[in-house]
Amino acid sequence: MNRRDVEFLLYEWLDVPALVERERYADHSRETFDAVLDLSEQLATHHFAPLNALVDANEPFVGDDGKVVLPPELARALAAYSESGLSASIFDDAVGGMQLPFAVHMAATTYLMAASVGASAYPFLAAGNANLIVTHGSPEQVTTYALPVIEGRWYGTMALSEPQAGSSLGDITTRAVPQDDGSHRVTGSKMWISAGDHELGDNIVHLVLARTPGAAPGTKGISLFIVPRFLVEDDGSLGERNDVALVGLNHKMGYRGTTNTLLNLGEGFTTPRGAAGAVGFLVGEEGRGLTYMFHMMNEARVGVGAGAVALGYTGYLHALEYARVRTQGRAVGSKDPAAPPVAIIDHPDVRRMLLAQKSYVEGGLALVLFCARLVDEERTNTDAAAAAEARALLGLLTPIAKSWPSQWCLAANDLAIQVHGGYGYTRDYPVEQFYRDNRLNPIHEGTHGIQALDLLGRKVLEGGGAALGVLGARIEATVRTASEAGGEAAPQAAALQAAWDDVLRVTAALWEKLDPALALANATLYLEAFGHVVVAWLWLEQLGACGTRDGVFYDGKRAAARYFYAFELPTIGPKLRLLESLDTTTLDLDPDVL
């Protein structure tokens, strides 16, 4: 990661140091924020980066004893992370946390993701798991299951999907039958469970979606259960093995360091408390499982975006360094064949590819950190209206924060390979692994199509378009400021306003007939166009933060913004025109012709 860019976004644009004036963050300062970034960078450099290629080349496998085998270097890296205390960074002081601003936590997280996204997945999934239990679990559940995860001794998962259901959670069939002692017996299969089985910690806390007897069909009948790998005794010690069995590992093109599992619950693998069936404990109320789980899923979606940014960003930095030292060819105007070759960064097309990457990854990082700053606003702003506004805007931008980096920072990885030429697709250079790792993110935590349906089918309509109004007001404020500043920001402000007006007009046209099938037929195009407008807005925001300051760093920001407005923002025009035409090609298509 580029520390200068991280500091610019946190301190010069988002004004994160101002958060220390709020009660929750009063014990912090700019110095503690810098210390956390320093620590994360050190962990990433000395523990995570050295094992990135190792865990990619040595995929998890099941040994003769039925246990998952992972390189020992991974366990040592995760132990170093736990010992650092960063696993508790975002949690309340009451549960042993640091109460660190989420924006700082997210920035620190990108270092570890950039160093080894496969290794970093274990603690970050665990943190989301513990955060859900702290928020929605009982005090006893927090003490028993969340605290060991926060301390870094245990790990956690979210077990949503099933082999037959995929992303259609309303179709899950896992059952949870209540018992006389207040527990439930859980039976079913869970598929694609990241970090679902390993020996990296003493226990794994699974958060499992299941249906109780007589539950309503669809999503309203889903409840959430804590299903630990090992049952926990009253004194906190580990008891017998729960009836959770590893059926197999899924072998992925990327993220190979993270186990991905098919789990069977309640098949009689063990007989905890003298009977078959995984022992589970209801979280909150029956029928509200998906509501609770979305607490973790939305956090994970922003985390997926952060991981996509980190992979795109490190790929860009590798490509930039390579372009500066690799010599090949001569300047276009050179007539002397005996002249020495030039660094490939001197070729305009290579500079184009690098500038495109810069605009994607720095725009993506701004998007992720802006969303993280909204989390801080929602949590700590004493003005109820301002907190509600932050909540609405965060909800609207979450599908963008997940999907835009997953698409365009992946494109940055593609360009990083191209900059390396033939070397780029060999394993002698890391950019091919970055691409493979990042290719999973357009699918992780809901595909582009699912995020598009969420954005156009729900988020822009909620509250009569209230969140859309909040975003529009923010964009218009930025446009006014940039217009008044003049210079090259003024025409960019005009282009942004025109693009936003087009988005609003097309949104209205899509829903004019109140036909969901028609409105959502091409929702992915809407997601892509909407995302580009949001990132264009954040680039104009970054320009405003640069002001009139001189220097290579600020000139680089201006060049990336110029590129995005000249090359990227205009591409939404054809997409919006197609959407406005209410084209029915995909609706009318006979599947038999495919």
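Heads up, the sequence shown is in our numbering, so the first residue is 19 and it goes up one at a time.
Glycine included, C-beta positions come from ideal geometry on N, C-alpha and C.
The model shown is predicted, which means the values in this text are computed figures rather than measured ones.
Simplified DSSP assignment, three categories, for residue i
| i | result |
| --- | --- |
| N336 | Here residue 336 turns out to be His, not Asn, going by the sequence shown. The answer is helix: DSSP assigns H336 an H, G or I state. |
| N70 | helix |
| Y447 | coil |
| D190 | The sequence shown places Ile at residue 190, not Asp. Coil at I190, not helix or strand. |
| Y273 | coil |
| P246 | strand |
| E530 | coil |
| A361 | strand |
| T604 | helix |
| S255 | coil |
| V350 | coil |
| P181 | coil |
| T309 | helix |
| S212 | strand |
| T400 | coil |
| T465 | coil |
| R229 | strand |
| T589 | helix |
| A93 | helix |
Paired residues, beta bridge with residue i - DSSP
| i | result |
| --- | --- |
| G206 | L283 |
| I418 | Paired residue(s): none; I418 is not in a bridge. |
| A263 | N282 |
| H224 | T175, V245 |
| F299 | I244 |
| V87 | F79 |
| V195 | R203 |
| T345 | A361 |
Top-ranked residue by Cα proximity to residue i, from the options
| i | options | result |
| --- | --- | --- |
| A577 | P592, D82, L561 | L561 |
| A374 | L280, F582, H462 | F582 |
| E317 | R523, F142, F585 | F142 |
| L283 | E494, V379, E180 | E180 |
| A177 | T192, R171, G170, E169 | T192 |
| D6 | G381, A517, V350 | Since the first and last residues shown for the chain are 19 and 612, residue 6 lies out of range. |
| N456 | P78, A296, A328 | A328 |
| A296 | W557, L387, A516, S207 | S207 |
| A554 | P417, L28, A511 | A511 |
| T398 | L612, W422, G146, F120 | F120 |
| T465 | P588, A98, A419, L104 | A419 |
| P151 | V301, G114, A500 | The question names Pro, but residue 151 in the sequence shown is Ile. Among V301, G114, A500, the Cα nearest to that of I151 belongs to V301. |
| H64 | R40, E91, D83 | E91 |
| T237 | D533, F312, D253 | F312 |
| E304 | I363, H336, P231, N268 | P231 |
| D252 | Y163, D198, L308 | Y163 |
| T276 | L543, Q117, L607, F79 | F79 |
| Q117 | E41, T309, K531, A234 | E41 |
| R595 | W426, A337, A547 | A547 |
| W18 | A403, G286, A326 | Since the first residue of the chain shown is 19 and the last is 612, residue 18 is not available in this structure. |
| V167 | A97, T309, S201 | A97 |
| A67 | L392, P235, A106, M19 | M19 |
| L125 | A233, D23, H154 | Correcting the residue identity first, residue 125 is Ala in this sequence and not Leu. Per the Cα distances, D23. |
| P460 | L249, E169, Q425 | Q425 |
| G103 | G114, R94, A93 | G114 |
| V204 | I211, S212, A194, E559 | A194 |
| I493 | L479, A537, L474, L522 | L522 |
| S134 | V262, G333, L415 | G333 |
| A361 | S377, E339, K353, P588 | E339 |
| A491 | D519, A507, L474 | D519 |
| T345 | G439, V393, K593 | G439 |
| G239 | V226, V245, G188 | G188 |
| P196 | A228, L538, H365 | A228 |
| G330 | A508, V262, P448 | P448 |
- Message: Taking 8 angstroms as the cut-off, does the region 246-264 touch the region 286-303 (at least 3 CB pairs, one atom from each stretch)?
- Response: yes
- Message: Would the region 423-437 count as touching the region 71-88 if we require 3 or more Cβ pairs under 8 angstroms?
- Response: no
- What are the uninterrupted segments assigned as alpha helix (DSSP H) that are 4 or more residues long and contained completely in the region 110-152, given in chain order? 120-133
- Please confirm if the region 353-363 is in contact with the region 145-160, defined as three or more CB-CB distances below 8 angstroms between the two stretches. Proximity of the region 353-363 to the region 145-160 falls short of the contact definition, fewer than three beta-carbon pairs being nearer than 8 angstroms.
- Give, in chain order, every unbroken run of the alpha helix (DSSP H) that is at least 4 residues long and sits entirely within the region 34-79. Qualifying alpha helix (DSSP H) stretches, in chain order: 48-61, 70-75.
- Message: If contact is defined by three or more beta carbon pairs under 8 angstroms, each pair taking one atom from either stretch, is the region 183-200 in contact with the region 266-274?
- Response: no
- Inter-stretch contact (C-beta, 8 angstroms, three-pair minimum) for the region 538-549 and the region 470-486: yes
- Query: Counting Cβ pairs closer than 8 angstroms, one from the region 376-393 and one from the region 498-505, do we hit at least three?
  - Reply: no
- Message: Tell me whether the region 401-408 and the region 443-456 touch, counting them as touching only if at least three CB pairs, one residue from each stretch, are closer than 8 angstroms.
- Response: Touching, no, given that fewer than three Cβ pairs across the two stretches are closer than 8 angstroms.
- Cβ contact (3+ pairs, closer than 8 angstroms) linking the region 514-525 and the region 478-498: yes
- Message: Closer than 8 angstroms is the cut-off here; do at least three beta carbon pairs connect the region 23-34 with the region 47-60?
- Response: yes
- Message: My parser needs the alpha helix (DSSP H) runs of 4 or more residues fully inside the region 504-528; what are they?
- Response: none
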